[in-house]
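Asker:
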Amino acid sequence: MISSHNQNLNVSDVALVGAGPGGLAAAIILAASGASVHVYEAQPIIGGRSRRLTLNGDPGQFHFDVGPTFFMMPYVLDEILAAAGSKLSERVELLRLDPMYRLLLGRPGQEPITLDTTQDMRLMEQRLSAIEPHDGPAFLKFISDNRRKLEAMTPLLRSPIRSVLDLCTMDNMRAGTHLRPWQSLYDHLRGYFKHPQIRLALSFQSKYLGMSPFECPELFSILPFIEYEYGIWHPRGGCNAIMNAMRDIAQELGVQFHFNSPVDHIEFEGRQAVGVRVGGALHRHKHVVINADAAAAMKRMIPESLRGAWSDQNIDRKKYSCSTFMMYLGVQGDIELPHHTIYASRQYEQNLKDISNNGVLSEDPSMYVCNPSRLDASMAPRDHSALYILVPTPNTQPGVNQVDWNSSSSTLRERTLDQLESIFGVGDIRGRIRAEKHITPNEWAAEGIQYGATFNLAHTLGQMLHKRPQHKMRGVEGTWFVGGGTHPGSGLPVIFLSSQITARLLCAELGLRCALDAPPSRSSGMLQEWTSPTVNI
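Going by our numbering, the sequence shown wraps up at 578, each residue one higher than the last.
(1) Does the segment 505-520 come within contact of the segment 193-207, defined as at least 3 CB pairs closer than 8 Å?
(2) Have a look at residue 377 and residue 236 and give me their C-alpha separation to the nearest angstrom.
(3) By a C-beta neighbour count over all protein chains shown, 10 Å radius and 16 as the cutoff for buried, is residue 119 buried or exposed?
(4) Considering only the beta carbon of each residue, do residue 307 and residue 370 sit closer than 8 Å?
(5) For residue 361, which three-state DSSP category applies?
(6) Could you say which of 195, 54 and 253 lies nearest to residue 228 if we only look at CA atoms?
(7) Whole-angstrom Cβ separation of residue 112 and residue 273, contact assumed at under 8 Å?
(8) Starting from the Cα of residue 381, find the closest Cα among 138, 557 and 101 and give me that residue.
(9) Could you pull out every residue in the same chain whose Cβ sits closer than 6 Å to the Cβ of residue 74, ignoring the five residues on either side in sequence?
(10) Taking DSSP's pairing of strands, which residues face residue 371 in a bridge?
(11) Since residue 304 and residue 314 should fall inside the 8 Å C-beta cutoff, what is the C-beta to C-beta distance between them, to a whole number of angstroms?
(12) Between the alpha carbons of residue 187 and residue 262, how many angstroms are there, rounded?
(13) Return the Cβ separation of residue 517 and residue 183 in integer angstroms, given the expectation that the two are a contact with Cβ distance under 8 Å.
(14) Less than 7 Å between C-beta atoms, sequence neighbours within five positions excluded: which residues of the same chain meet that for residue 515?
(15) Could you please give the first and the last residue of the uninterrupted beta strand (DSSP E) stretch that includes residue 97?
(16) Run the CB neighbour count on residue 544, radius 10 Å, all protein chains shown included, and call it buried at 16 or more, exposed below.
(17) Kindly provide the ranges of any alpha helix (DSSP H) runs that are 4 or more residues long and lie completely inside the segment 93-131, ordered along the chain.
(18) According to the neighbour-count rule (16 or more other Cβ atoms, all chains shown, within 10 Å of its Cβ), is residue 294 buried or exposed?
(19) According to the Cβ coordinates, are residue 68 and residue 80 closer than 8 Å?
(20) Closer than 8 Å by C-beta to residue 225: which residues in its own chain qualify, once you throw out the five before and the five after it? Chain order, please.
(21) If you follow the alpha helix (DSSP H) that residue 384 is part of, which residue opens it and which one closes it?
(22) Taking only the alpha-carbon atoms, compute the straight-line gap between residue 291 and residue 147 and give it to the nearest angstrom.
(23) Could you pull the start and end residues of the alpha helix (DSSP H) that residue 543 belongs to?
(24) I'd like to know if the segment 90-97 and the segment 474-492 are in contact, where contact means that at least 3 CB-CB pairs between them fall below 8 Å.
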């Protein structure tokens, strides 16, 4: 447990609640800008959902990322590290994946279509044309259109959106010309691609937001573009290796970490935050930055009388993303799967309705398998594999969820193992398991995630931009948010963007020059370093 530090407030004194990726990023920026930062973490380790899981088995230890395994847009994190005088490539070895991932695109009554995705645009065109001749050239147009779209949207993604007035800047209005808010992502792709499985190959990425492509706004067509433009990377040691590097940088800047220190609540005097209570003791700070599930954290840490529109009732009525059933398997033998393999159900649309609308488990669930030990020997003992398996499921929100996880966990385990054998081609999986752990939606909820919705508030039009929790909470002073619950949304790269926005706003309030606003020489060429060579299309 922590010991109380100096009770005399400095104007630059900041408490950060949670050592997840958003909190670590904000801590680095604030400390590099001159703020005194203390991080309070409930767990004995850093990372939040990006922490490492180690399972003991025969013949040794198997290592897993608990949460995110896709690492994209490295330049966003590099901007943050540059503010601290560091560089991502000097801290973590990043391996560019090719194929980026394998898709097993289910079809009713037929074998799935297998598609290995690549950043080689011409090769990708050929692979798609082999499925549907029209769709290969259409893919090149899709990439070209979304390059312009992301360029136009970048100011919107990097700016605080506090009200509709913030949408009325010239840059943000320019972004609006690329958007069709009345259209779903899947319907948008109908304008490009004839083959339904190819539309699926370029829309399943909506699951990064915990949403169905049939409901997800079309603006998120930038997600597959980002994959093909900037690639998908594996940090040696897993994504948690990035969290460890960020912790090291933060400590070098003087950030103080307090582990095993769950924050009971934020202490207020009137409407001014004055610190955090940990184990009943008050630790005084002028500002408190919350890096936790925003909905659950508001209910637990901030008195309802201070929350304005974010009452308990309103929070409970919001629409939330799906949850996930996780399996972490230490397996004997080398598994002949690529680093990432994604299976889309034969009845994909029904599978998504089961998750979002019906609140039940599908007979043929979609699932994702990460097989990092094929590339990274540090993840498993020799001649063994560490398999990370994610199955999207209903969250635990009352009125939607119909799943009793006390009885359904074993059912879904067996269904998942059956699919590993029959669809992924992993033979005799049950006889080869040497270590195993599951996480159910109930367990995610017990970690402080509202309804176990692992991708936060759903990214519907009514819950985006200024409709999400603000970076600086309205109606109170000294209370801030970072993470997937704020604008621009969930996923590691946009969580880092959220941290940049919050840190800039807080630096301005503290009267500090934000370290992100570095001379061009410190970050020149950063974007180009991480951008794949592209074909002139």
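We put the CB at the ideal spot given by N, CA and C, even for glycine.
Answerer: Judging by the given coordinates:
(1) yes
(2) 28 Å
(3) buried
(4) no
(5) strand
(6) Comparing Cα-Cα distances from residue 228 to each of 195, 54 and 253, the minimum goes to 253.
(7) 7 Å
(8) 138
(9) So the qualifying residues of the chain are 548, 553, 555 and 556.
(10) 427 and 476
(11) The Cβ separation is near 12 Å, so there is no contact.
(12) 7 Å
(13) That pair is no contact at about 44 Å.
(14) 349
(15) 93-97
(16) By the Cβ-count criterion, residue 544 is buried, with 16 or more other Cβ atoms from all chains shown falling within 10 Å of its own Cβ.
(17) 115-124
(18) Burial call: buried.
(19) yes
(20) 254, 255, 256, 257, 258 and 259
(21) Element bounds for residue 384: not the alpha helix (DSSP H) but the beta strand (DSSP E), 381-385.
(22) 45 Å
(23) 533-551
(24) yes
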